[in-house]
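Novice: Here it is: the structure, laid out below.
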Amino acid sequence: DEGLTAVRLPQPWYIDATAGTMGPIGFDMPAKVVRRLLDAPPIPAEVAGEVRAQLASRMPAAKLPVPHEMQPAEVLHAPMRPHLRLINGALPMDPNYGRGTARPLSAGLYAIPLARLAYGYGTVTLPRSARPLPKLTLRDGRIYDVARDLAAEGEALEELRNLGFLPVSDLVHVYYQHAHSDDFVLREGGGHGHNWLDFVTQGVPRLREMGWVVETDTDFPMQVVTADADIDAELVEGSGIDWLELNLGVHIDGQRVDLVPPLLKLIAKPETALLMEGQDSKPFVLPLPDGRMLSLPMARIRPTLQALLELWSSGGIDGENGKIGFSRLHAAELAELEARTGLTWRGGEALRDLGRTLRESGGIPVAAPPCTFKAMLRPYQAQGVNWLQFLAGAGLGGVLADDMGLGKTVQTLAHLAIEKAAGRMNRPCLIVCPTSLIPNWTNEAGRFAPDLTVLPLHGPKRKSAVPLIPSHDIVLSTYPLLTRDHEILIAQDWHIVILDEAQSIKNPQAEATRQVLRLKARQRLCLSGTPLQNHLGELWSLFDFLAPGFLGSARSFKTRFRTPIEKHGDADRQDMLTRRIRPFMLRRTKEEVVTELPPKVEIVEQVEMESNQHAIYEAIRLSMHARVQAAIAQKGLARSGIVILDALLKMRQACCDPRLLKLKTVAKAKAGSAKLDRLMEMLDVMFAEGRRVLLFSQFTEMLELIEERLRDDGVSYVTLTGDTRDRAAPVRKFQGGDVPLFLISLKAGGVGLNLTAADTVIHYDPWWNPAVEDQATDRAYRIGQTKKVFVHRMVTLRSIEEKMEVLKEKKRAIVASVMDAEHGGALSLTEADVEELFAPARPA
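Okay, so the sequence shown: first residue is 1 according to the numbering used here, each after it adds one.
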């Protein structure tokens, strides 16, 4: 009968012939014995001897215990030690209970982790049971009368309840001899604050410290393991060229387990950051792919987890494929990861050395220009050349973002001269710049690097110069010509592509930006004193050219950085972004590196409109305000951007000179320009003092009106606007001292000019973007300037100009919106912002 025979003895016993065991019925019996005995009829006592004789032939005699009536009971005195066994049970559960751990087996039956309590007295272990236990117990053929410590048993039971356990019978109805009738279930969820993970990682170690014996069945669903040794890091060759993959491993039961896939799965969850806020005494539990839970000391894993989380948050790694890869672009981040984690690293020595050098600027080797290079580099300029050479040797690009006037051109020419002298420049280099800078690059190259041959690919006859490209060291082109000459430029393989005034590609949707991304080169460089003018998206556009994908997609960059930093002032994300791009951007300010520059004095010239001009301004403001309000009412604020910008433009023109409006009412009113009159007064004084003046305006028509007054007064001057054909001529004339005044349109001459002959800069009309005004000022305030530079900003009182100055200091969001809209973006203002811009000025 399946090896099981029941015998009716003076006290009911069971005999399992298959297992070779005997014992009192109802006491510590296997579940299958219980099931069989419930169905078996009692066996008469007179046949017991015959059954025993039959069993003797099937079981070793030593295993057959002597019936208890034939031997005396041994009284057992021993301290009680609680025993807890973690098992996998099966119960008819409420499906809403313990959703985190209960797994359905069949209709109404769930697999659930359970705890089984027993009391150990020496060699005897008594089960915890809600029913009275027999006074005598049989173990290894001997009968014991255990002297039980009921108080200690009660304390153990109370400790288990304090940990959140309750008897199974309190949760579900089970019959008298159900296999789990005396087991315990953990009360999870429901605001009780108990869960199995905390118990097995924290509760179990504490119980063991208290002297409990805790055992875990092999099929228990929450297997927690510990590592045999510390985590180690290894870089192995990945799937791509110059691509190494990181393996973070620990040894568990003698086998190495890679932690990267489960760690990536974990850090992708928003709540992971909260896990690191726990105390070091609390273990960190990592789910492994095979279902086990790895418990690590929080103090050991925290630095690694924090570094990986920041790297993932900054877009440095992508957890979708379950791997962490590093290329040369990520070398600095790899070095930071190595430094912060404190792990033992193996492999990838070359990439790790590169990363350490990128992080530690002092480790960049010195690169000396050849003797053919004619410029004497200042110390910071020599460091810039070293940096450019280091990047080239590593196959990396970068942004040279020194302040205007610190010599980005001469540093770049030194870099190119070294490349040619070393024999690496077996292809031409392409420099793309604003049209106005073609003469500057040509002259500077001839002056400092005469060994470099230069081909300006500019003007109506440039097509005839195309066959000469391969025979020149430097080819010059312009941003407007990128769209026209893209087939020629893209077909050529370049040694280096350099974008001067690289902020010109700040709009990723512009055609010039799209074409520049298609250029093929060994190295890509950006030169810009203002890599970031309005928003972080402009910085992303530069790096999209330098290293596509380095800062992620535009959408992911906005989510990770732009929105948190620009809208929420997230300092941590700002620091994260700064650390990411720092190895690839070199920026020095005048204050940092050039102590010999004379001081710059800034003066605000406040101008009061005369009555007729003020009347016209107010009429324009009121009519424009009404027009804007009507447009908003009809089309909504979002679709009224053009109307708002046009209204702001007309108000600004009225401040400069009402004649710019070209209205018949202006001619009839005979309104003059208080600002123009004030300008002429200022110029008279400045010329009498021997001052040399740069005068900037955004409106070329305003410059024409100024020219009329200058001619009437007999003042000599030169001009530079978008219509100027020979840009070098007025620069030479002013720098040579032939004229005291240079009229320049802000758009045409705000960058790239070296006008150190000037000691005075006048901004006739303010603009929303102070960075552009500073660029214009830096035409005079730059290396080579020996005189104190005076900067005059002319601002019309009680006007939109005065509001612009206030807004630039206090409400940068409004200013940024207008600047973005003037460059083709959406005008993202609120109706309150609009009302503030068009509201009447405060009384004088």
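Beta carbons: idealized from backbone N, C-alpha and C, even for Gly. Since the structure is predicted, the reported quantities are computational estimates derived from the model, not experimental observations.
According to the Cβ coordinates, are THR796 and ALA780 closer than 8 Å?
Specialist: By one-based count along the sequence shown, residue 796 stands at place 796. By one-based count along the sequence shown, residue 780 stands at place 780. Not a contact, by the Cβ cut-off of 8 Å.
Novice: What is the rounded straight-line gap between the Cα of ARG639 and the Cα of LEU645?
Specialist: Counted from its first residue, the sequence shown places residue 639 at position 639. Counted from its first residue, the sequence shown places residue 645 at position 645. Rounded to the nearest angstrom, the two C-alpha atoms are 12 Å apart.
Novice: Can you name, in chain order, every residue of its own chain whose Cβ lies under 7 Å from the Cβ of HIS415, other than the five neighbours on each side?
Specialist: The residue labelled residue 415 in the question sits at position 415 within the sequence shown. For HIS415, where only same-chain residues beyond five positions count, the Cβ hits under 7 Å are VAL385, LEU388, GLN389.
Novice: Under the three-state reduction of DSSP, which class applies to CYS371: helix, strand or coil?
Specialist: Translated into positions along the sequence shown, residue 371 becomes position 371. If DSSP states are grouped into helix, strand and coil, CYS371 belongs with coil.
Novice: Measure the Cβ-Cβ separation of ARG709 and LEU676 and say whether it is below 8 Å.
Specialist: Working through the sequence shown from its first residue, we reach residue 709 at position 709. Working through the sequence shown from its first residue, we reach residue 676 at position 676. Closer than 8 Å, so yes.
Novice: Below 8 Å CB to CB, which residues in the same chain sit around GLY191 once its five sequence neighbours on both sides are set aside?
Specialist: Here residue 191 refers to the residue found at position 191 of the sequence shown. The pLDDT assigned to GLY191 is 49, lower than 50, so where the model puts this residue is not dependable, and the model offers no usable value.
Novice: If you draw a straight line from the alpha carbon of PRO65 to that of PRO79, how long is it in whole angstroms?
Specialist: As a working mapping, residue 65 is identified with position 65 in the sequence shown. As a working mapping, residue 79 is identified with position 79 in the sequence shown. Annotation note: pLDDT 48 at PRO65 (below 50); position unreliable, no value reported.
Novice: Identify, in the order they occur along the chain, each residue of the same chain with its Cβ nearer than 7 Å to the Cβ of VAL124, setting aside the five sequence neighbours on each side.
Specialist: As a position in the sequence shown, residue 124 is number 124, starting the count at 1. Correct list, in chain order: LEU76, THR137, ARG139, TYR144, VAL146.
Novice: Does GLU215 come out as helix, strand or coil in the three-state DSSP assignment?
Specialist: In the sequence shown, residue 215 corresponds to position 215, counting from 1. In this structure, GLU215 counts as strand in the three-state DSSP scheme.
Novice: Between which two residues does the alpha helix (DSSP H) harbouring ASN195 extend?
Specialist: Within the sequence shown, numbered from 1, the residue matching residue 195 stands at position 195. Element bounds for ASN195: n/a, residue is neither H nor E.
Novice: Under 8 Å, Cβ to Cβ, is there at least one residue of chain C near ILE496?
Specialist: Looking for chain C here will not work: only one protein chain is present.
Novice: Please confirm if the region 490–501 is in contact with the region 424–433, defined as three or more CB-CB distances below 8 Å between the two stretches.
Specialist: yes
Novice: Checking 8 Å against the spacing of the C-beta atoms, do MET609 and CYS656 come in under that value?
Specialist: Within the sequence shown, numbered from 1, the residue matching residue 609 stands at position 609. Within the sequence shown, numbered from 1, the residue matching residue 656 stands at position 656. It is not a contact, given that the beta carbons lie outside the stated cut-off.
Novice: Starting from the Cα of ARG793, find the closest Cα among THR786, ARG678, PHE838 and give me that residue.
Specialist: Against the sequence shown, residue 793 aligns to sequence position 793. Considering only THR786, ARG678, PHE838, the residue with the shortest C-alpha distance to ARG793 is ARG678.
Novice: Taking DSSP as the reference, what is the three-state secondary structure of LYS787?
Specialist: Indexing the sequence shown from 1 puts residue 787 at position 787. Here DSSP, grouped into helix, strand and coil, assigns LYS787 to coil.
Novice: Would you kindly check if the distance between the Cβ of LEU114 and the Cβ of ARG128 is under 8 Å?
Specialist: Residue numbering aside, residue 128 sits at position 128 when the sequence shown is read from its first letter. Residue numbering aside, residue 114 sits at position 114 when the sequence shown is read from its first letter. In this structure, LEU114 does not lie closer than 8 Å to ARG128 by Cβ.
Novice: Look at the Cβ atom of LEU400, then the Cβ atom of LEU525, and state whether they are nearer than 8 Å.
Specialist: Counted from its first residue, the sequence shown places residue 400 at position 400. Counted from its first residue, the sequence shown places residue 525 at position 525. Yes, the pair counts as a contact, with Cβ atoms nearer than the cut-off.
Novice: Find out if the Cβ-Cβ distance for the pair ALA771, THR530 is shorter than 8 Å.
Specialist: Against the sequence shown, residue 771 aligns to sequence position 771. Against the sequence shown, residue 530 aligns to sequence position 530. Cβ distance < 8 Å, so ALA771 and THR530 count as in contact.
Novice: Apart from the five residues on each side of it in sequence, which residues of its chain come closer than 6 Å, Cβ to Cβ, to LEU171?
Specialist: In the sequence shown, the residue the question calls residue 171 occupies position 171. Setting aside the 5 residues that flank it on each side, LEU171 is surrounded in the same chain by VAL185, each with a C-beta closer than 6 Å to its C-beta; the list follows chain order.
Novice: I'd like the span of the beta strand (DSSP E) that includes ASP712, first residue to last.
Specialist: Looking up residue 712 in the sequence shown gives position 712. Run containing ASP712: none in the beta strand (DSSP E); it sits in the alpha helix (DSSP H), 700–713.
Novice: Just to confirm before moving on: does the CB-CB distance between PHE561 and LEU586 stay below 8 Å?
Specialist: As a working mapping, residue 561 is identified with position 561 in the sequence shown. As a working mapping, residue 586 is identified with position 586 in the sequence shown. No, they are not a contact pair.
Novice: Mind checking who TRP494 pairs with in its DSSP beta bridge?
Specialist: Stepping through the sequence shown from its first residue, residue 494 is reached at position 494. Paired residue(s): ALA521.
Novice: Quick one: residues in its chain with C-beta nearer than 7 Å to the C-beta of PRO287, no 5 flanking neighbours on either side, listed in chain order?
Specialist: As a working note, residue 287 is residue 287 in the sequence shown. Only PRO262, MET293 meet the Cβ criterion.
Novice: Pull up the distance between the alpha-carbon of THR724 and that of VAL715, whole angstroms please.
Specialist: Indexing the sequence shown from 1 puts residue 724 at position 724. Indexing the sequence shown from 1 puts residue 715 at position 715. Between THR724 and VAL715, the C-alpha separation is close to 20 Å.
Novice: Have a look at ARG782, ASP765, GLY749, VAL693 and flag the residue whose alpha-carbon is nearest the alpha-carbon of VAL739.
Specialist: The residue labelled residue 739 in the question sits at position 739 within the sequence shown. Among ARG782, ASP765, GLY749, VAL693, the Cα nearest to that of VAL739 is on VAL693.
Novice: According to DSSP, simplified to helix, strand and coil, what is GLU209?
Specialist: Position 209 of the sequence shown, counting from 1, holds the residue named residue 209. When DSSP states are grouped into helix, strand and coil, GLU209 belongs to the helix group.
Novice: For ALA118, which of helix, strand or coil comes out of DSSP?
Specialist: By one-based count along the sequence shown, residue 118 stands at place 118. ALA118: strand per DSSP, three-state reduction.
Novice: Express the C-alpha separation of SER553 and GLU159 in angstroms, rounding to a whole number.
Specialist: Walking along the sequence shown from the start, residue 159 turns up at place 159. Walking along the sequence shown from the start, residue 553 turns up at place 553. One C-alpha to the other measures close to 55 Å.
Novice: Relative to the C-alpha of PHE199, which residue among LEU248, ALA130, LEU86 is closest?
Specialist: Numbered from its first residue, the sequence shown carries residue 199 at position 199. Cα-wise, what sits closest to PHE199 is LEU86.
Novice: Hey, which unbroken runs of the beta strand (DSSP E) at 3 residues or more fall wholly within the region 588–652?
Specialist: Segments of the beta strand (DSSP E) lying fully in the region 588–652: 600–607.
Novice: Ignore the nearest five residues each way along the sequence and tell me which others in ASP230's own chain have a CB closer than 6 Å to its CB.
Specialist: Numbered from 1 along the sequence shown, position 230 holds the residue referred to as residue 230. The answer is none, since no qualifying residue turns up.
Novice: Please classify ALA571: does DSSP put it in a helix, a strand, or coil?
Specialist: As a working mapping, residue 571 is identified with position 571 in the sequence shown. Note: ALA571 maps to helix in three-state DSSP.
Novice: May I have the straight-line CA-CA distance separating SER697 from ALA394, to the nearest angstrom?
Specialist: Walking along the sequence shown from the start, residue 697 turns up at place 697. Walking along the sequence shown from the start, residue 394 turns up at place 394. Distance between the alpha carbons of SER697 and ALA394: 44 Å.
Novice: Below 6 Å CB to CB, which residues in the same chain sit around SER853 once its five sequence neighbours on both sides are set aside?
Specialist: The shown model of the chain, from 1 to 844, leaves out residue 853, and the question about it has no answer.
Novice: Tell me the DSSP secondary structure of GLU835 in three-state form.
Specialist: Locating residue 835 in the sequence shown gives position 835, where the first residue counts as 1. Of the three classes helix, strand and coil, the one that applies to GLU835 here is helix, per DSSP.
Novice: Around the Cβ of ASP833, are there at least 16 other Cβ atoms within 10 angstroms (buried) or fewer (exposed)?
Specialist: Locating residue 833 in the sequence shown gives position 833, where the first residue counts as 1. Within 10 angstroms of the beta-carbon of ASP833 lie 16 or more other beta-carbons, which makes it buried.
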